[in-house]
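All remarks here apply to the structure that follows.
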Amino acid sequence: MRLSDLPKGSPAVVDRVDDAHADDVIAQRLRDLGFVAGEPVRLVACGPMGADPLLIQIGSTRFALRRSEAARVTVCMQEAA
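Numbering (UniProt numbering), first residue to last: 1 to 81.
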């Protein structure tokens, strides 16, 4: 499942970040920010009527991402604790 399709508030774990093309600087920046395999992540909020930006939380850090950026991140949903 793509991070951009994750239901609001649902816990998930990052599986991978996909490069849209060779030398994808956005995908590399996402990895640098901590979007790496095994990291817990959740969609906190999204823009008006489901639009950009998406508010994503990894650990205690929150990031505002465009939907197209979040679509590069593949996640696996987890059972709520």
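Glycine included, every Cβ here is placed at the ideal spot set by N, Cα and C.
Computed from a predicted structure; not experimentally measured.
With respect to alanine 37, aspartate 18 sits apart: the two C-beta atoms are not nearer than 9 Å.
The UniProt domain "Ferrous iron transporter FeoA-like" (1-77) is shown to contain whole beta strand (DSSP E) runs of 3 or more residues at 11-17, 40-46, 54-58, 61-65, 73-77, in chain order. Residues of the same chain with a CB within less than 6 Å of the CB of alanine 71, apart from the 5 flanking positions on each side, are Arg2, Ser4 in chain order.
Taking a contact as a CB-CB distance under 8 Å, the pair leucine 6 and valine 75 counts as one, their CB atoms being some 6 Å apart.
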